[in-house]
Amino acid sequence: MIFTGRHLIAGEWADGGPTFTSDPVTGDPLTVFNGGRDEVDRAAKAAEAAFRTFGWTSREERARFLEAIADAIEARGEEITAIGTAETGLLDARLNGERGRTTGQLRLFAKVLREGDYLDRRYESASDANPDLRLMQRPFGPVGVFGASNFPLAFSVAGGDTASALAAGCPVIVKGHPAHPGTGEIVADAILDAMKTCGLPKGTFQFVQSNSREAGEALVTHPLITAVGFTGSLGVGRSLFDLACRRDTPIPFYGELGSINPVFCLPAAMAKRAGDIGSGWAGSLTMGVGQFCTNPGVLIAKESDALEILVTAADSALADVDDAPMLTQGIAQSYREGRNAAVDAGAEAARRSGGSDRRNAPDLLRVSGTEWLSNSRLHEEVFGPFGIVVAAQTEDQMIEIAERLEGQLTASIHLEDGDEALGQHLLPILERKAGRILANGWPTGVAVSPAMMHGGPYPATTVNGTTSVGTLAIQRFLRPVCYQNIPQALLPADLAK
Ligand code: NAP
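Just so we're aligned, residue 429 is where the sequence shown starts under the working numbering, counting upward by one.
Have a look at this one:
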């Protein structure tokens, strides 16, 4: 495919207006049209027009559409990996795996549609006292999606937000992430092919290229947009969430923002396998240059000889990890600022990488439990290969640390026989803090499955109780509608009996 840097609006590739230049890790920069308010407005109107058909398509029609998107992405597989690696610096194997995850996600939602359980249909037959009541889930309307920088496929143009919104019956407008405009364009082209194959309205899926805040703000505030999916930073996510709430008609803003994914290492587990925990932690911390929302950035254990073994093992595993390019210059710079701020806040550097331009190597810091508790700056996410060890003085202090955590995507516990009592104290606390709790594992792998929860109390997500991964993600774009005494001929096909 020849890259054109254009938007996909109402079924046509559109250009015009100002441009920006991409900043790939390798290869030539691309000239990209910089969408703004006008492009978002045209797309929103086309999406609303499309909703009048797409919102009433059958589950089977939408299942076939999702499968056609997966097929079209696979047909472009090599091209997607080539431009994706050049733009992001992520390795071939990672992008190939992420592509499989993306197509698997689309096909999983096709299965969810065919099963139909997500509709949560409820019937109450008319009786002397009661009317005939039928309830099921219906789509919101046009949805805005922000492509994420760190997953150019699985959380981007055809990623989880798009797949779940399309499955629900909502047309989607994606604001592409400026860190990977070429990858975004190829994937948008695959979706366009699938729309044509399935004969769907032109505004069913649209794509606006942009590196300006104007497009993002326009998407969140456009009166025809009914919900937004976002993955990114706490600062930007919070300001867009506030914007969504200040609209004349507020809409749900499903933001996945920040998480430090704490790991609690209990004494018996430490006595048995401190070295393995240390090296395992280093592996999880550095995957994808640490650019995972589930990166386990903080490890809490009691001060002990075993903790020294853990730190030595982590440090020696990290010594083997070379510096590597991060997704953008800005992310690399923010990483160093976050790392330096943690050192300024009192954390001791067990391993300090330096880093320059777009490249960074891992950092390992340590701090006492008392210092961590007294300085909330140490509780903030540092996005990248950054780990901080919190050495608690007592088990009670480990519990106090758990109580002070903000909302998280995940919390992990390493435990063995003998750790049950402390585990029983920690679990009810961590259950209130995180959407997913793991034992004796690492949180970086996130399975796309019916039982997955990828969300948590704020700031992990802006809407507590929602997930952006797994089949439950579809619920974010649905609303229950009750049909009272509606004649059979008017009922949606899915509700007729
Ligand atoms: P970001 O800065 O939050 O940007 C996310 C999206 O919002 C981009 O499309 C960006 O596009 C847009 N945007 C930025 N400022 C905006 C504004 N004021 N109004 C409207 N839209 C705006 O995230 P990022 O670029 O992916 O990475 C920056 C930082 O985000 C990282 O260093 C990391 O801390 C965090 N991050 C966290 C996660 C996670 O999963 N926890 C994932 C990715 C990133 P424009 O630049 O075109 O405006």
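Idealized CB from N, CA, C, for every residue including glycine. What you are looking at is a predicted structure, and each value in this text was computed from that prediction instead of being measured.
- Can the beta-carbon of G572 be found less than 8 Å from the beta-carbon of K603? Result yes, Cβ atoms of G572 and K603 sit closer than 8 Å.
- Message: Following a CB-centred definition, is V664 positioned closer than 7 Å to any heavy atom of ligand 1?
- Response: Yes, the beta carbon of V664 sits closer than 7 Å to at least one heavy atom of ligand 1.
- Rounded separation between A862 and E809 - CA only: Each residue's CA atom was taken as its position, placing A862 and E809 some 15 Å apart.
- Any heavy atom of ligand 1 closer than 7 Å to the Cβ of P606? Yes - ligand 1 has a heavy atom lying nearer than 7 Å to the Cβ of P606.
- Message: By the DSSP assignment, the beta strand (DSSP E) with A655 in it spans what residues?
- Response: It spans 655-659 - the beta strand (DSSP E) in which A655 sits, taken as one unbroken run.
- Task: With a cut-off of 8 Å on the beta carbons, I'd call S638 and G463 a contact; round off their distance for me.
- Result: Yes, they are in contact, since the Cβ atoms of S638 and G463 sit about 4 Å apart, within 8 Å.
- Message: Between the alpha carbons of G869 and F681, how many angstroms are there, rounded?
- Response: Spanning the two alpha carbons is a distance of roughly 31 Å.
- Query: According to DSSP, is C693 helix, strand or coil?
  - Reply: Reduced to three states, the DSSP call for C693 is strand.
- Task: Would you give the residue range spanned by the alpha helix (DSSP H) that P908 belongs to?
- Result: From DSSP, P908 is part of no alpha helix (DSSP H) but of the beta strand (DSSP E) over 906-912.
- Using alpha carbons as the reference points, say which of R794, H807, P753, T822 lies closest to R786. Per the Cα distances, P753.
- Task: Pair every Cβ in the segment 831-849 with every Cβ in the segment 693-701, then say whether three or more of these pairs are closer than 8 Å.
- Result: Flag = yes, the segment 831-849 and the segment 693-701 touch.
- Message: I'd like to confirm the pairing. Which residues does DSSP put opposite Q634 in its beta bridges?
- Response: The partner list for Q634 (beta bridge, DSSP) reads I601.
- To the nearest angstrom, how far is it from the Cα of T447 to the Cα of I437? Taking the straight line from one Cα to the other gives about 17 Å.
- How close, in whole Å, do the beta carbons of T714 and L738 come, if the pair is a contact with beta carbons under 8 Å? Incorrect: roughly 16 Å between the Cβ atoms, too far for contact.
- Query: Thinking just about the alpha-carbon of each residue, which of S555, P570, P609 is nearest to the one in E590?
  - Reply: According to the sequence provided, residue 590 is Thr. The question's Glu does not apply to it. If we check each option's Cα against that of T590, P570 comes out closest.
- If we count Cβ pairs, one from each stretch, closer than 8 Å, do we get three or more for the segment 575-585 versus the segment 507-526? The segment 507-526 and the segment 575-585 touch, with three or more beta-carbon pairs separated by less than 8 Å.
- Secondary structure, alpha helix (DSSP H): runs of 4+ residues fully inside the segment 760-814: Fully enclosed alpha helix (DSSP H) runs of 4 or longer: 797-802.
- Item | Nearest candidate by alpha-carbon position, reference A710, set G815, S762, P690 | With distances taken between CA atoms, A710 lies nearest to G815 out of G815, S762, P690.
- Could you give the distance in angstroms between the alpha-carbon of G575 and the alpha-carbon of K624? Answer to the nearest angstrom: the Cα atoms are 23 Å apart.
- Message: Using only the alpha-carbon positions, how far apart do T889 and Q916 sit?
- Response: Answer to the nearest angstrom: the Cα atoms are 40 Å apart.
- Item | Span of the beta strand (DSSP E) around F479 | From DSSP, F479 is part of no beta strand (DSSP E) but of the alpha helix (DSSP H) over 465-482.
- Selection from S744, G758, L755, N803 that minimises the alpha carbon distance to R780: When only C-alpha atoms are compared, the closest one is S744.
- Name the two residues that bound the continuous alpha helix (DSSP H) containing R641. In the DSSP assignment, R641 falls within the alpha helix (DSSP H) that extends over 641-649.
- Query: Just to confirm, does F574 get its C-beta within under 7 Å of one of the non-hydrogen atoms of ligand 1?
  - Reply: Taking the Cβ of F574 as the reference point, at least one heavy atom of ligand 1 falls within a distance shorter than 7 Å.
- Query: Around the Cβ of S592, are there at least 16 other Cβ atoms within 10 angstroms (buried) or fewer (exposed)?
  - Reply: Within a 10 Å sphere around the beta-carbon of S592 sit 16 or more other beta-carbons, which makes this residue buried.
- Item | Contact check, L541 vs R490, beta carbons under 8 Å | Closer than 8 Å, so yes.
- Message: Only counting the same chain, and skipping five residues up and downstream in sequence, which positions put a Cβ closer than 8 Å to that of N553?
- Response: Correcting the residue identity first, residue 553 is Ser in this sequence and not Asn. Here the set comprises D560.
- Query: Should C673 be labelled buried (16 or more other beta-carbon atoms within 10 Å of its own) or exposed?
  - Reply: C673 is classed as exposed because its beta carbon has fewer than 16 other beta carbons within 10 Å across all chains shown.
- Query: Does the Cβ-Cβ distance between K925 and Y546 come in under 8 Å?
  - Reply: Not closer than 8 Å, so no.
- Item | Residues bridged to A839 [DSSP beta-bridge criterion] | Answer is I865, bridged to A839.
- Query: Counting only runs that start and end within the segment 495-527, where is the alpha helix (DSSP H) found for 4 or more residues in a row?
  - Reply: Here the runs fully enclosed are 505-516.
- Which term fits E831, buried or exposed, when burial requires 16 or more other beta carbons within 10 angstroms of its beta carbon? The residue is exposed, with fewer than 16 neighbouring Cβ atoms inside 10 Å.
- Could you please give me the residues that DSSP links to V726 through a beta bridge? Bridge partners of V726: I816.
- G532 - DSSP class collapsed to helix/strand/coil: Per DSSP, reduced to three states, the secondary structure at G532 is helical.
- Hey, is T659 close to ligand 1, as in C-beta under 7 Å from one of its heavy atoms? Because some heavy atom of ligand 1 lies under 7 Å away, the Cβ of T659 counts as near it: yes.
- Task: Using three-state DSSP, classify I688 as helix, strand or coil.
- Result: Reduced to three states, the DSSP call for I688 is coil.
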